[in-house]
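Down below is the structure, laid out as C-alpha cells.
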Amino acid sequence: MQRVWRLGNTDGVPADPVVVVGAGPVGLTAALLLARRGLPVLVVEKHLEPYPLPRAVHLDDEVFRVLQAAGVGDEVQARSRPFAGLRLLDGSHRVLAEFRRRPEVGINGWPQGSFVHQPDLEEVLAAAAAATPGITVARGVEVTGLSQDDDGVTVLMRDDGADRSVRAAAVLGCDGAGSTVRDLIGSTMRDLGPADRWLVLDVRSPAPLPVWPGAHQVCDSRRPATFMPVTGDRYRWESRMAPGETVQDVTTPDRLAALLAPVDPDGVEIVRAVEYTFRAQVADRWRAGRVLLAGDAAHLSPPFVGQGMGLGLRDVHQLTWKLAAVLAGESGDDLLDSYQAEREPHARALIGVAQLLGRLMTRGGRAGDVLRRGVLAVARRIPAAARLATDSRTPPLAAGPEVQRRGRAGRRLAGSLVPQPDVVVDGRRCRFDDVLDRVLDGATGAELALVRPGELTLRVAGRPPVQVQDDGGALTSWLTGASASAAQIRPDRIVRAAR
Ligand SMILES: Cc1cc2nc3c(=O)[nH]c(=O)nc-3n(C[C@H](O)[C@H](O)[C@H](O)COP(=O)(O)OP(=O)(O)OC[C@H]3O[C@@H](n4cnc5c(N)ncnc54)[C@H](O)[C@@H]3O)c2cc1C
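Going by our numbering, the sequence shown opens with residue 255, and the numbers climb by one from there.
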C-alpha cells in the first residue's frame, strides 16, 4: 500500500523534488528512473486507488528494456506471457495470414512481444515506488495550477478540499489523455486522423479457452474485431462500433455469441463491456521551461499495434536522463529541446503504423475483404513481408544534437537501440544493459568499442575501461555488420554516434 500524503503532513517530502503528475504506468516509471539517478521525486495522483480495470495488454521487447532500467523488468515478466504473434482472420475466423513472434529472448534481451494485464504492471510499479526511499507518492491530491520562475516551478494542488503549493525543480505531466498539465502550459492536442468508437470486452474464464496464444485481428469490414488471451484466466475482445450503436446494442446475446464464437458467452465471466473512443493525436508542445509532458498527455495512439503505453515508457526513458543532466548542471536546458524533437516523430511514426494497419484490416467494404484475402495470401509467403510484420524493431530516432547520423556507420546505427545480449564482465554473466548502467553511473554516454571479435570495451571519459566478453557475438556482428568499430551509447540505450 502506498503512503497517502495529507495536508500538513510533509514527512518524507524532499526539498525541491521533481514533481511527477499522475501515478499511471508512465508517471511511476518516470519516478523510478529519476530516483535511480539520485533525484528526489514527489508523485501526485488525484485518485486514492490505482485504476483497477484492464487497458493496455501488449508490451514489446524494446519497452521491456525501459522496465528493466526502472528495476522491475523481472517482476513484470513474471506476471506477463510471451506473445505468439499476429493472426489475421476473415469474417468466418479462417486464418488469412500468420506472423509469428519468437517466444524466446530476442535481440533486446526479452521476448519480442508480451501480454500483460495493466493493473498487474501498475501494481509492480507502485510497489517498487513505495519501496524506493527517494520517492513520495501522494494519492488523493490533484494538481490545479503551475507557475514558473528562474529557479523552478510552484505547483498548486488541491488536497482533501484545501489548496497547497509545493516548489519543484521540474514537473513531468504524466497525467493521461485529459492532462491538466498540458492545459496549464497552453499545449493542444492535434488530430492525426478520425476517432473510432470500439467496444472493449474483458472476459475471465475458469477453464482455459481454446485460442492461439497471440493477437487475432478479424479483417471483416462489417465487424472488425481483435481478440487475445491476456494473462492467466483473462481474455480481451475489441470490436468496432457502427455509428449510432450503443454498448447495449452490441452486447445482446446474439451479438456476443457472434463476437466470441466459438467461445460460449455463457461459460465465461464478462468483467466489463465499455465503449472506448480510440484517438490518434499528438500535443503541439511538449515542454514549457521545466514543465514537460510524457505518455498519453503528449500523444494518443489507436490500439492496432499495441503501442500506446509503450510510447509513454519510451518517452520517460529518455526524458529522465536528460532532465537529470540538466538539473545536475552538466547540460544546458537546450538538451530538453531534443526531447520533443526526437520523441514526436517516433510517436507519429508508430501512430501512423497503427492507423495504416487499422485501415488495411478494416476498411473498404466487401471489395476490401476480397482484396485483403488475395493480398494477404501472397504476403505471408513473401519472407520480407513476413519479417516486417514479425519484427518488433521501431524506427530510429530523428537526427539532431543527440543523434548524430554522420558517416556510414553513423547513418546505419545512430538513433537505434544497441542490442542487449548476455555478456561476461569480470567473469560474471549478465545482461548488457545492467553493465551499461553500472559503467555509466550517472554519465550521459559510454563508448562501446570493438577490440577483436567477441571482445569489446565500454568506456566513459576519464574512467578505466571495462572489458566486455561478447561470447555469443551479437554486439560484434551488430557493429561489424554496420561497418562500425565503435558506438557512443546514451543512457536510454540509443546510439548517439558511430564510427
Ligand atoms: C482499451 C485500451 C487498450 C489499450 N491497449 C494498449 C496496448 O495493448 N498497449 C499499449 O501500449 N497501450 C495500450 N493502451 C493505452 C494505455 O492504456 C495508455 O497509453 C496508458 O495507460 C497511458 O499511461 P499514462 O501513465 O500516460 O496515463 P494514465 O494511465 O491515464 O495515467 C494518468 C494518471 O494521471 C492522473 N491524473 C490526471 N490528472 C491529474 C491531476 N490534475 N492531478 C493528479 N493526477 C492526475 C490520473 O488519475 C491517472 O492515474 C490501451 C488503452 C485502452 C483504453
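For glycine and all other residues, C-beta sits at the position ideal for the given N, C-alpha and C.
Only a predicted model underlies this, so the values are computations on that prediction, with no experimental measurement involved.
Query	Result
Proximity test, Glu299 beta-carbon vs ligand 1 heavy atom, cut-off 7 angstroms	yes
Cβ-heavy atom distance, Met443 to ligand 1, below 7 angstroms	no
Burial state of Val545 (16 or more Cβ within 10 Å)	buried
Any non-hydrogen atom of ligand 1 within 7 angstroms of Gly339 CB	no
Gly566 Cβ short of 7 angstroms to ligand 1 heavy atom set	yes
beta-carbon Cys473 near ligand 1 non-hydrogen atom, thresh 7 angstroms	no
Buried/exposed call for Pro467, threshold 16 Cβ in 10 Å	exposed
Assigned secondary structure, Ala579 (DSSP; H/G/I helix, E/B strand, else coil)	helix
Proximity of Gly397 and Val298 at Cβ, strictly below 8 angstroms	According to the sequence shown, residue 397 is Val rather than Gly. Yes, Cβ-Cβ distance for Val397 and Val298 is below 8 angstroms.
Three-state secondary structure (DSSP) of Glu709	strand
Limits of the alpha helix (DSSP H) - the one that Phe252 falls within	Residue 252 cannot be examined here, being either before or after the span of the chain that is shown, 255 to 753.
At least three beta-carbon pairs within less than 8 angstroms, the segment 294-308 to the segment 316-328	no
Status (buried if at least 16 other CB within 10 Å, exposed otherwise) for Ile748	buried
Straight-line Cα distance separating Gly327 from Gly399	34 angstroms
Buried or exposed by the 16-neighbour rule on C-beta atoms within 10 Å, applied to Thr531	exposed
Residue from Glu377, Val484, Ala579 with nearest C-alpha to Ser334	Val484
Pair within 8 angstroms by beta-carbon distance, Arg568 and Val317	yes
Assigned exposure category for Gln502 - 16 Cβ within 10 Å defines buried	exposed
Rounded straight-line distance, which links the Cα of Ala579 to that of Ser585	6 angstroms
Cut-off 7 angstroms between Cβ atoms - residues of its own chain near Asp508, not counting five sequence neighbours on either side	none
Beta-carbon proximity list for Asn362, same chain, < 6 angstroms, skipping 5 on both sides	Asp315, Glu316, Arg319, Gln674
Three or more C-beta pairs below 8 angstroms linking the segment 524-541 and the segment 696-711	no
First and last residue of the uninterrupted beta strand (DSSP E) at Pro814	Residue 814 lies beyond the residue range present for the chain, which begins at 255 and ends at 753; the question has no answer from this structure.
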